[in-house]
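Chains as they are written, first to last, in the working numbering: chain A, 207 to 760; chain B, 391 to 500. Built from N, CA and C at the ideal position, the CB exists for glycine as well.
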Amino acid sequence: MRYPPGVSQSDFDRAVRQFESSIGAEWVFTDEADVDLYRDAYSPLWGEEEEKIPSIALAPQSAEEVQSLMAICNEFQIPVYPVSTGKNLGYGGSAPVLTGSVVLDLKRMNRIIEVNEENAFALVEPGVSYFDLYNYIQEKGLDLWIDCPDPGWGSLIGNSLDHGVGYTVNPYRDHFEAHCGMEVVLADGDIVRTGMGALPNAETWQQYRWGYGPWMDGLFAQSNFGVVTKMGFWLSPAPEAFCSGSVQVMRYNDVHELVRITAKMMYSGILNSNAGVQSPMQFAIGQNPEMQERYERANEEDIRILDEFARSNNTPFWSSQFKFYGPREIVDSSWEYVKRQFADIDGVRYQDQESLNFPMSYEELMQTADENHLGVPSMSVFQLGNRSNFNPAGTNGHLGFSPVVPMTGEAVLESNKVLVRVLREMGGNTVFNVPPYSYHQRTFTILVGFTVTRDADTNRKTREIFRELVKVAAEHGWGEYRTHTAFMDDCAAAYSFNDNALLRLQQTLKDAIDPRGIISAGRYGIWPKHIRDTEGKGVATIKVSKEKEGDSNV
Amino acid sequence: MSRSFLFLVLALVSCELFAQVGDRAHGKEVYEHWCSSCHAPGARKHPGTSALEFIYKGEKSGVLEERLDLTPELVALFVRNGVKIMPPFRKTEISDKDLLDLGAYLSPQR
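Right under this line is the structure:
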């Protein structure tokens, strides 16, 4: 059996006996082969000394059992790391940030407590996956849609708490935005309900999110202040129809109008889902060193030649895809209205894509361009990095660098240039560079994807590039919205306004809410007081650099 | 050889035989819950099927349920170790009993 750091073997042995008596020995995994199943399968640290490995794992089946386990961990000051379904692959999976932490595996807590069709909400436990909720709704024949992220095996609660996103209608596609009400077990085993849930016999826990007094829910997302054991989610009534289409513009500088109008349509509610900007010329430019150089420099002469290059390829420089959900008359007229807004752009082209009426059978839905965009969970995204003619060896996983940038044409151009330059100059193992996409309302997110391998040198190079991207992006005012556990300190350190004042506030809260510092040490850069200086490496780097500048406020 | 020793040997052999016989009906449920989203027919939407079709190039089926050469041991090896982008499955997802049943379901009947 492995032991956690900072806990004596005799104390840990006693704690394990108490864990066993609390939830049954069957659900206390101490055998190394069993615990190794909790390693992060997509770890960019795989097999290296720095890889984050748990000591043991506990699998409670109820909030009461979580309370009991937390009280034991708190007594012995045992670091504990809750995971929901453990499928947050690309962001750390089921492995902790601090090696030796005890994983609290909540997969067995998989009850769908309520799905309310009339008021369109669900109340679930952490082990409930998108597949589970989708299947439940289909079996009951409810007139509701879920919004799911790319892989369907993830937890609604875990994904939402990590600010995960999906692809259907606003506001459901931003999963934390779509939540309403939580139940949380605190470090000492106490249990609280947020929002209206604080009212005994609450009748609107999943309908009115603010409750009374300060709203606490944000404290439990991307953090380590409690263990969320129940959470409510708003669902969308099943729409009647869907249509999609693209707008294509011909010249380099058309991106400004393309994005300006897209943003206006989105903020007006006419576009009720996400949209992005891509360049159909990306591949042709990438294959042509002269054009790549001109694209990165982009002076007036370069732009004239790039436009000619696009024209000679008979290819639009930019395109955006739009989706509409709702009654048939409204989705069709919205798309026609959106088309008209772009009519003043010289040479603009439109392409009608899918037009669907619901309900559709599961088999029909799986034949569409992307079932995830229709609220159907699947695993088809895992084609990415799969073994294929394109990539015969396949990959051992992936991770993404995903900074948030403004929804402007200028930001699209600038972020593309800056990030591509870093990638080109540093080389490395980039698998894809997804253009700006509005995963969240009112911003674009750029997703630079990396493959993860079992070769330490390659992974080391990837980490080096990733950290450089964090640094360069921050210099331009772009920060990560979510990151892999290997980079949580780096990203937290980048949010450095006023000597990392936000992180210092989070540390103050950590010390107050979890005074013995047992929950998810290091998650999102928040380290407990007793190991803050020894383990908080990203922030320590900031501290050193500030001290060199004669400023030691951190 | 004493009678008690013989009894012990017989008991162990029985346990071993019992352990080899999984519940195929339950194994099908495990398959449908945990495996089919990647391994069902249709390579376009099922990455497990797509990868296996690429590897075997028609020599064997890319669909696990159509394979004639799987054994419980091989199924267990992949479930507990993963391969490439397929991660291993924890015991809170697929228990040892589930795995035995899954192995029985995916192995040709003997």
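Query: Excluding the five sequence neighbours on either side, which residues of its own chain have a C-beta within less than 7 Å of the C-beta of phenylalanine 638 of chain A, listed in chain order?; Result: The predicted model places phenylalanine 638 of chain A with a pLDDT of 49, which falls under 50 and marks its position as unreliable; any figure quoted below should be read in that light. Within the same chain, phenylalanine 638 of chain A has close Cβ partners Gly655.
Query: Just list the beta strand (DSSP E) runs in the stretch 675 to 732 of chain A, keeping only unbroken ones of 3 residues or longer that don't cross its boundaries, in chain order.; Result: none
Query: So for proline 807 of chain A, helix, strand or coil by DSSP?; Result: This structure leaves residue 807 of chain A out entirely; chain A is present only between 207 and 760.
Query: Provide the residue span of the beta strand (DSSP E) that contains isoleucine 652 of chain A, from first to last.; Result: 649 to 657
Query: Which one of A/Val658, A/Arg546, A/Arg669, A/Asp576 has the shortest CA to CA distance from glycine 600 of chain A?; Result: A/Val658
Query: Taking its Cβ as the centre, do 16 or more other Cβ atoms sit within 10 Å of glycine 419 of chain A, making it buried, or is it exposed?; Result: exposed
Query: Taking the beta strand (DSSP E) that asparagine 563 of chain A belongs to, which residues open and close that run?; Result: 555 to 563
Query: For arginine 500 of chain A versus isoleucine 511 of chain A, is the C-beta distance shorter than 7 Å?; Result: yes
Query: Within 8 Å, do at least three Cβ pairs link the stretch 246 to 259 of chain A to the stretch 270 to 284 of chain A?; Result: no
Query: Residues of chain B with a CB under 9 Å from the CB of alanine 698 of chain A: which are they?; Result: Result: empty, since nearest Cβ-Cβ is about 26 Å, beyond 9 Å.
Query: Quick check: what's the CA-CA separation for proline 609 of chain A versus valine 483 of chain A?; Result: 15 Å
Query: Helix, strand or coil, according to DSSP, for glycine 615 of chain A in the structure here?; Result: helix
Query: Going by beta-carbon coordinates alone, are leucine 490 of chain B and glycine 412 of chain B separated by less than 7 Å?; Result: yes
Query: Could you tell me whether the stretch 322 to 342 of chain A touches the stretch 560 to 567 of chain A, using the rule of 3 or more Cβ pairs below 8 Å?; Result: no
Query: Isoleucine 491 of chain A: which of A/Val554, A/Val626, A/Tyr342, A/Pro443 sits nearest, CA to CA?; Result: A/Val626
Query: For the alpha helix (DSSP H) holding serine 440 of chain B, just list the boundary residues, first then last.; Result: 437 to 446
Query: Going by C-alpha to C-alpha distance, which of A/Phe672, A/Ser479, A/Phe382, A/Asp739 sits closest to methionine 437 of chain A?; Result: A/Phe382
Query: What is the DSSP secondary structure of threonine 664 of chain A, reduced to helix, strand or coil?; Result: helix
Query: Which term fits tryptophan 524 of chain A, buried or exposed, when burial requires 16 or more other beta carbons within 10 angstroms of its beta carbon?; Result: buried
Query: In the DSSP assignment, the alpha helix (DSSP H) including leucine 362 of chain A goes from what residue to what residue?; Result: 362 to 367
Query: Return the first residue and the last residue of the beta strand (DSSP E) that histidine 385 of chain A is part of.; Result: 385 to 391
Query: If you draw a straight line from the C-alpha of arginine 457 of chain B to the C-alpha of histidine 429 of chain B, how long is it?; Result: 11 Å
Query: Which residues, in order along the stretch 406 to 435 of chain B, keep a beta-carbon less than 7 Å from a beta-carbon of chain A?; Result: Ser427, Cys428, Lys435
Query: Give the residues of chain B in contact with alanine 265 of chain A, contact being defined as C-beta atoms less than 9 Å apart.; Result: Arg480, Lys481, Thr482
Query: Going by DSSP, which residues form a beta bridge with glutamine 527 of chain A?; Result: A/Ser452
Query: Can you check the stretch 253 to 340 of chain A for any beta strand (DSSP E) of at least 3 residues that lies completely inside it and give the ranges in chain order?; Result: 286 to 289, 308 to 311, 318 to 322, 327 to 330
Query: Going by beta-carbon coordinates alone, are proline 612 of chain A and glycine 532 of chain A separated by less than 7 Å?; Result: no
Query: Does any residue of chain A have a CB that is nearer than 7 Å to the CB of phenylalanine 444 of chain B?; Result: yes
Query: Below 9 Å on C-beta distance, what does methionine 585 of chain A contact in chain B?; Result: Ser427, Cys428, Lys435, His436, Pro437, Gly438
Query: Grab me the residues of lysine 802 of chain A's own chain with a C-beta within less than 6 Å of its C-beta, minus the 5 sequence neighbours each way, in chain order.; Result: Residue coverage of chain A in this structure runs from 207 to 760, which leaves residue 802 of chain A outside it and unanswerable.
Query: Do glutamate 257 of chain A and leucine 251 of chain A have their C-beta atoms within less than 7 Å of each other?; Result: yes
Query: For the stretch 579 to 603 of chain A, list every residue whose C-beta sits within 9 Å of some C-beta in chain B, in sequence order.; Result: Pro583, Ser584, Met585, Ser586, Val587, Phe588, Gln589, Leu590, Gly591, Asn592, Arg593, Ser594, Asn595, Pro598, Ala599, Gly600, Thr601, Asn602, Gly603
Query: With a threshold of 7 Å between beta carbons, is lysine 716 of chain A in contact with chain B?; Result: no
Query: Expressed to the nearest angstrom, what Euclidean distance is found between the alpha-carbon atoms of leucine 441 of chain A and tryptophan 351 of chain A?; Result: 6 Å
Query: Is the CB-CB distance between glutamate 254 of chain A and alanine 727 of chain A below 7 Å?; Result: no
Query: Beta-carbon within less than 8 Å of alanine 427 of chain A's beta-carbon, same chain only, minus the 5 sequence neighbours each way: which residues are those?; Result: Ser366, Leu367, Asp368, His369, Phe382
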